[in-house]
Amino acid sequence: MRVCIVYDCLFPHTVGGAERWYRNLSERLAADGHEVVYLTLRQWERGADPGVAGVEVRAVGPRMSLYAGPGRRRVLPPLVFGAGVLWHLLVHGRRYDVVHTASFPYFSLLAAAIARPPWRYRLVSDWHEVWTRDYWREYLGRAGGDLGWLIQRLCARVPQRAFCFSRLHAARLRDEGLRGEVTILPGEYDGSLEPRPVRDAEALVVFAGRHIPEKRVPAIPPAIARAREQLPELRAMVLGDGPDRAQTESVVRELGLQGAVEVPGFVDTEVVESAMARALCLLLPSRREGYGLVVIEAAASGTPSVLVAGPDNAAVELVEDGTNGVIAPSASPADLAAAILRVHAGGRALRERTAEWFAHNARRLSLGHSLEIVLAAYRRA
Numbered sequence: 173m174r175v176c177i178v179y180d181c182l183f184p185h186t187v188g189g190a191e192r193w194y195r196n197l198s199e200r201l202a203a204d205g206h207e208v209v210y211l212t213l214r215q216w217e218r219g220a221d222p223g224v225a226g227v228e229v230r231a232v233g234p235r236m237s238l239y240a241g242p243g244r245r246r247v248l249p250p251l252v253f254g255a256g257v258l259w260h261l262l263v264h265g266r267r268y269d270v271v272h273t274a275s276f277p278y279f280s281l282l283a284a285a286i287a288r289p290p291w292r293y294r295l296v297s298d299w300h301e302v303w304t305r306d307y308w309r310e311y312l313g314r315a316g317g318d319l320g321w322l323i324q325r326l327c328a329r330v331p332q333r334a335f336c337f338s339r340l341h342a343a344r345l346r347d348e349g350l351r352g353e354v355t356i357l358p359g360e361y362d363g364s365l366e367p368r369p370v371r372d373a374e375a376l377v378v379f380a381g382r383h384i385p386e387k388r389v390p391a392i393p394p395a396i397a398r399a400r401e402q403l404p405e406l407r408a409m410v411l412g413d414g415p416d417r418a419q420t421e422s423v424v425r426e427l428g429l430q431g432a433v434e435v436p437g438f439v440d441t442e443v444v445e446s447a448m449a450r451a452l453c454l455l456l457p458s459r460r461e462g463y464g465l466v467v468i469e470a471a472a473s474g475t476p477s478v479l480v481a482g483p484d485n486a487a488v489e490l491v492e493d494g495t496n497g498v499i500a501p502s503a504s505p506a507d508l509a510a511a512i513l514r515v516h517a518g519g520r521a522l523r524e525r526t527a528e529w530f531a532h533n534a535r536r537l538s539l540g541h542s543l544e545i546v547l548a549a550y551r552r553a
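The numbering used here numbers the first residue of the sequence shown as 173 and each following residue consecutively.
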């Protein structure tokens, strides 16, 4: 089968859940013998190998800064990328049986829909998130938010075979007027499905992800300070980078936590995995998550997660409170600290329940399982 994957970012040149999904999907499809072309914006030096085994990576737009401010996407790169996708598919669309695109940043999905009629390829889209009108207005202001919301609705009504990664966003997509079937893909986990030995936990809390406003990373040091009132040996590693890292470091200094909270930036995968395996818990105080892959990665080592309840947080679908983690009612220092202390009180029994949860759900939540669903949809589309 000839498949065209469309996303404006490419892992590891940019880092995020969607980037990892499309990188893994492309490599798996290629390894299974399918012909795969990956359309993206250039994020590497000219002449360099973008480094995706067995996949033809094509840059359909120049290297551009994607963000205008903390966690805020610029408008120009999606327009440029959409134009590049449109031109490529108008010229080369006959090559493909399937064009599989991210819904966001929208113009690439519209481009794929516009270019489809002469070539009749199957159009498949992933909706990692569907934003409410209120959230659009918060993100871009009233006028810009209303325009973004209307473009999202237009994309939802394009004839397509749609995938979501959570019940939350599947329901929102149907409410937006999707014309076609929506299927929930249960998993993006690409690690080993074999059970791992459960290690005794250190008094260590780990965060791993981008430091953007939606993740609420600066909320972590105050929570650690509050929890240390009852658990003085508690430490934290706040891994990753982004526009909120400087603020997080400033809060650490203000609270005098330099010896207890590390903010080292991006680190090697081995360092992340080692920290996760011995941590008391993963702490993910996000207000908005489209999936929450890191929750499964933590559970693979028997490490519970602490999440925060919220209307835009789909990651809570991956946590059974008291089984593989704790869901805090808010990101306040008191609520996060209480959740961390609940995990500590749960001791080894909670870690063993978390490992059992992973063993029971690993196959369902695996990338391989989702890939089987995707391939079946390609054939039926």
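We put the CB at the ideal spot given by N, CA and C, even for glycine.
Check: Identity of the residues DSSP links to GLY437 by a beta bridge; Outcome: LEU411
Check: Beta carbon of LEU213 nearer than 7 Å to that of TYR361; Outcome: no
Check: Identity of the residue in VAL257, HIS185 and SER198 nearest SER542 by Cα; Outcome: SER198
Check: Element boundaries [alpha helix (DSSP H), containing CYS327]; Outcome: 305-328
Check: Contacting residues, own chain, Cβ-Cβ under 8 Å from TYR311 (five flanking each side not counted); Outcome: ARG244, TRP303, GLY317 and GLY320
Check: Helix, strand or coil at ARG536 [DSSP, three-state]; Outcome: coil
Check: At least 3 beta-carbon pairs within less than 8 Å: the stretch 366-375 vs the stretch 339-353; Outcome: no
Check: The stretch 217-232 in contact with the stretch 478-498 per 3-pair CB rule at 8 Å; Outcome: no
Check: Option in ALA225, VAL187, ARG192 and PRO184 with minimal Cα separation from ASP204; Outcome: ALA225
Check: The stretch 461-469 contacting the stretch 502-511, beta-carbon criterion three pairs below 8 Å; Outcome: no
Check: Euclidean distance between Cα positions of ALA171 and ALA531; Outcome: There is no way to answer for residue 171, as the model of the chain reaches only from 173 to 553.
Check: Residue span of the alpha helix (DSSP H) that contains GLY431, given as start and end; Outcome: It is not in any alpha helix (DSSP H) - GLY431 carries neither H nor E in the DSSP assignment.
Check: Proximity to VAL263 [Cα-Cα], best of LEU357, VAL439, TRP291 and VAL378; Outcome: TRP291
Check: Extent of the continuous alpha helix (DSSP H) run through GLU228; Outcome: Here GLU228 belongs to no alpha helix (DSSP H); instead the beta strand (DSSP E) covers 228-233.
Check: THR420, buried or exposed, once every other Cβ within 10 Å from all chains shown has been counted against 16; Outcome: buried
Check: Closest Cα partner of VAL515 within the set GLU528, ALA506, ASN533 and ASN496; Outcome: ASN496
Check: Cβ distance (whole Å) where LEU211 is taken to contact VAL257 below 8 Å; Outcome: 6 Å
Check: Contact between the stretch 420-431 and the stretch 443-455 (3+ Cβ pairs under 8 Å); Outcome: no
Check: Sequence-distant residues of the same chain with beta carbon closer than 6 Å to VAL208, five excluded per side; Outcome: VAL175, SER198, LEU201, ALA202 and VAL227
Check: Of the residues CYS336, ALA380, ALA517 and LEU261, the one placed nearest GLU126, counting alpha carbons only; Outcome: Here the chain covers residues 173 to 553 and nothing more, so residue 126 does not appear.
Check: For TRP299, three-class secondary structure by DSSP; Outcome: strand
Check: Alpha carbon of HIS272 to alpha carbon of ILE177, nearest angstrom; Outcome: 5 Å
Check: Start-end ranges of the alpha helix (DSSP H) lying completely within the stretch 204-268, minimum 4 residues; Outcome: 248-264
Check: Residues of its chain near TRP193, where Cβ-Cβ distance is below 7 Å and the 5 sequence neighbours each way are ignored; Outcome: GLU360
Check: Member of GLY412, LEU454 and GLN402 whose CA lies at the smallest distance from the CA of THR441; Outcome: GLY412
Check: Residue range of the unbroken beta strand (DSSP E) whose run includes ILE499; Outcome: 497-500
Check: Beta-carbon proximity of VAL439 to VAL433, cut-off 7 Å; Outcome: no
Check: Beta-carbon proximity check, GLY233 vs VAL247, cutoff 7 Å; Outcome: no
Check: Nearest to SER458 (by Cα), restricted to the options ILE392, ALA255 and ARG305; Outcome: ILE392
Check: Inter-residue spacing [alpha-carbon to alpha-carbon] between ASP473 and ALA285; Outcome: Position check: residue 473 holds Ser in this sequence, whereas Asp was assumed. Distance between the alpha carbons of SER473 and ALA285 is about 42 Å.
Check: LEU376: first and last residue of the uninterrupted beta strand (DSSP E) it sits in; Outcome: 376-380
Check: Through-space distance from TRP529 to GLY363, alpha-carbon basis; Outcome: 15 Å
Check: GLN402, buried or exposed, once every other Cβ within 10 Å from all chains shown has been counted against 16; Outcome: exposed
Check: Own chain, CB closer than 7 Å to GLU461, minus 5 neighbours either side, in chain order; Outcome: ASN485, ALA486 and ALA487
Check: Beta strand (DSSP E) segment containing HIS272, residue limits; Outcome: 270-274
Check: Beta-bridge pairing of GLU461 - partner residues as DSSP gives them; Outcome: ASN485
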